[in-house]
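Be aware that the sequence shown starts at -6, since it is given in the working numbering, and climbs by one per residue. One structure below.
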Amino acid sequence: NMAAFISIAARLLFIKSQSLLPQASRDEATGEMESAAVMAEELQRHLLEYKLAREIANHLRQREEEGLQTYGRSGLLAGIEAQLAWTPPTLLGLEVQSLALAFQRLLDLRAKENGNGAELLPMARISVGERISEIAGLLSERLSVLLSEVVENERSRLVIIVTFLAVLEMWKRERIAVKQETLMGPIVLERGTGWEEGVSGLVEEE
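Set out below in structure tokens:
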């Protein structure tokens, strides 16, 4: 929306201005550069998340045009906006940006496969609530599960996007913990501090 665009533009102008202004003092210059670096990192995270949001919007538009819509468009879009507005804490070095990057790589891979004619099946029909139930089912049988296991057999880009939203929702409500011990290492989903509260409420709200 326009507010988000203005915010991003303002951040870009601020970062650019730091490289043009004369240095007042060594300490002040260092502080300004650190501030600009932090804002640049935050901007990168937001741009990545908006890219995922656009992917979701495009799929919803396609489903609507093809008459394949399985849930209320406004309800899912409201959920997307809520997820993008939420900034999770750093958990063992993993931030939402790392999780989004992992899903973006999957989306890029599936797009390449689809472009080569690898995916000729009808578009999958699944909701965020159904995906939450599936993830909870896996974690009810064991203490942790690799994210790669959750999506390893999925070829639909829409299912991958819905899985991203399901993981974010469960992480936000502390039903699961999301961990990554090394950079670019496997992402692990574990039972969170709110696991005992169950996921029935999350499924009903979705």
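Every residue gets a Cβ at the ideal spot worked out from N, C-alpha and C, and that includes glycine. Predicted, not measured: the structure shown is a model, and the values here were computed from it.
In whole angstroms, give me the CA-to-CA distance for E145 and L100.
By one-based count along the sequence shown, residue 145 stands at place 152. By one-based count along the sequence shown, residue 100 stands at place 107. If I take the Cα positions, the gap works out to 12 Å.
Using the C-alpha atoms, what's the distance from S141 back to R124?
As a working note, residue 124 is residue 131 in the sequence shown. As a working note, residue 141 is residue 148 in the sequence shown. Using only the alpha carbons, I get a separation of about 14 Å.
Going by the beta-carbon positions, is the gap between I180 and L92 smaller than 9 Å?
Stepping through the sequence shown from its first residue, residue 180 is reached at position 187. Stepping through the sequence shown from its first residue, residue 92 is reached at position 99. Yes, Cβ-Cβ distance for I180 and L92 is below 9 Å.
C-beta atoms of V143 and V121 nearer than 9 Å
If you number the sequence shown from 1, residue 143 lands on position 150. If you number the sequence shown from 1, residue 121 lands on position 128. Result no, Cβ atoms of V143 and V121 do not sit closer than 9 Å.
Just to confirm my understanding: we take E245, look at its own chain, exclude 5 residues before and 5 after, and list those with CB closer than 7 Å. What are they?
Beyond the ends of the chain as shown, which are -6 and 199, falls residue 245; an answer cannot be given.
Here's the rule: buried if 16 or more other CB atoms are within 10 angstroms of the residue's CB, otherwise exposed. What is S149?
For this step, residue 149 is matched to residue 156 along the sequence shown. So S149 ends up on the buried side.
Helix, strand or coil, according to DSSP, for S133 in the structure here?
On the sequence shown, residue 133 is found 140 positions in, with the first residue counted as 1. It is helical.
Short check: CB of I153 to CB of E162, under 9 Å?
Counted from its first residue, the sequence shown places residue 153 at position 160. Counted from its first residue, the sequence shown places residue 162 at position 169. Not in contact: I153 and E162 (Cβ atoms no closer than 9 Å).
Run through the DSSP bridge pairs and tell me what I170 is partnered with.
Here residue 170 is taken as the residue at index 177 of the sequence shown, counted from 1. Note that residue 170 is Ala in the sequence shown here, rather than Ile. In the DSSP output, where bridge partners are listed per residue, A170 has E183.
Cβ neighbours of L132 in the same chain (closer than 8 Å, five flanking residues each side left out):
As a working note, residue 132 is residue 139 in the sequence shown. Within the same chain, L132 has close Cβ partners V138, I169, L182, E183, R184 and W188.
How close, in whole Å, do the beta carbons of A129 and V171 come, if the pair is a contact with beta carbons under 8 Å?
Working through the sequence shown from its first residue, we reach residue 129 at position 136. Working through the sequence shown from its first residue, we reach residue 171 at position 178. Rounded, the Cβ-Cβ distance is 14 Å, inconsistent with contact.
So, L151 versus I119, is the Cβ gap smaller than 9 Å?
Locating residue 151 in the sequence shown gives position 158, counting from the first residue. Locating residue 119 in the sequence shown gives position 126, counting from the first residue. Going by C-beta atoms, L151 is nearer than 9 Å to I119.
Quick one: what does DSSP say V138 is sitting in, helix, strand or coil?
Translated into positions along the sequence shown, residue 138 becomes position 145. In this structure, V138 counts as strand in the three-state DSSP scheme.
Based on Cα-Cα distance, which residue from S126, T175, F157 and E134 lies nearest to R98?
Against the sequence shown, residue 98 aligns to sequence position 105. The option with the nearest alpha carbon to R98 is F157.
Host alpha helix (DSSP H) of R150 (start-end):
For the purposes of this step, residue 150 is taken as residue 157 along the sequence shown, with counting starting at 1. First-last of the alpha helix (DSSP H) with R150: R150 to K165.
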